[in-house]
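In what follows, a structure is listed as structure tokens, so that the remarks can point back to it.
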Amino acid sequence: MTADLTSRATFNFVTVLSYAAAAYRKQRGTRPSAETLVNALLQAEKSAKQQRLTYPFESILGKWQLSFVTGTNKVRERGGIVLGKGFYVPKFITVHVSFNALEQDSGRGEIINQVEFGPVLLKLTGPVQYSTQKNLLAFDFNHILISLFGGVVYNRPIRFGKVKTEDFYNQPIAKLPFFGFFSVTEDFIAARGRGGGLAFWTRET
582 MTADLTSRAT FNFVTVLSYA AAAYRKQRGT RPSAETLVNA LLQAEKSAKQ
632 QRLTYPFESI LGKWQLSFVT GTNKVRERGG IVLGKGFYVP KFITVHVSFN
682 ALEQDSGRGE IINQVEFGPV LLKLTGPVQY STQKNLLAFD FNHILISLFG
732 GVVYNRPIRF GKVKTEDFYN QPIAKLPFFG FFSVTEDFIA ARGRGGGLAF
782 WTRET
């Protein structure tokens with residue numbers, strides 16, 4: 582169930598994002614509609630740019646559950662892309678992302694992206710590097726693990742990773758997959774991916 586929180590007089594993107602995070606995590610109350618949440622994310626992104634907000638790497642460390650995403654659609658007439666409508670991730674699919682630091686104050690670390698669907702678990706891991714100045718986190722997956730009913734059925738390096746781990750930190754962030762974070766709190770984080778889509782995660786408790 583979703584709620585319409587789009588009143589022009591009372592709309593506050595921080596309130597909407599906080600409410601969406603709490604409702605998704607606890608599965609109680611009505612969630613903001615997809616349109617309302619996209620609106621709030623776009624306002625949060627605009628506000629972050631206007632205020633030139635920066636977030637330290639430490640603020641995004643931990644385990645987060647993907648709660649909402651938007652796709653993108655190519656628009657030939659405009660020569661660019663536009664956001665899709667967006668949707669809440671169904672509860673029967675659990676998607677987590679974890680960010681761990683390797684060296685203090687280095688901006689270097691590890692990403693773990695984990696998808697669980699019934700008895701199937703898919704886990705991708707790889708290095709990350711974070712730029713506080715632009716709130717950009719570049720990453721690359723170089724290892725995959727698949728398990729079924731708790732038993733590992735596949736556990737190998739990914740040969741088609743963009744760069745080898747030892748060369749990763751020498752690559753310009755702009756040439757790697759990345760997330761540009763524009764809203765970071767204790768309860769949720771939000772970012773725009775390199776492809777243009779938006780993602781909203783809630784902290785795993």
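In my numbering, the protein residues as written are 582 to 786. Don't be surprised by glycine CBs; every beta carbon is placed ideally from N, CA and C. For clarity, every value in this text was computed on a predicted model and none was experimentally measured.
Asked                                                                                                   : Found
Who are Ala772's beta bridge partners in DSSP?                                                          : Phe762, Ala780
Do you know whose CA, among Val696, Phe638, Ala682, lies nearest Phe673's CA?                           : Val696
On the DSSP bridge list, what partners appear for Asn696?                                               : What sits at residue 696 in the sequence shown is Val, not Asn. Val676, Leu703.
The beta strand (DSSP E) with Ser648 in it runs from where to where?                                    : 643 to 650
Pro708 bridges to which residues according to DSSP?                                                     : Glu691
Can you give me the C-alpha to C-alpha distance between Ser628 and Ala772, rounded to a whole angstrom? : 13 Å
Could you check the C-alpha separation between Ala755 and Leu618 for me, to the nearest Å?              : 28 Å
Do you know how far the Cα of Leu757 is from the Cα of Tyr605?                                          : 31 Å
Is DSSP giving Leu634 helix, strand or coil here?                                                       : coil
Would you kindly report the start and end of the unbroken alpha helix (DSSP H) that includes Val564?    : The structure shown does not extend to residue 564, since the chain is modelled only from 582 to 786, so the question has no answer here.
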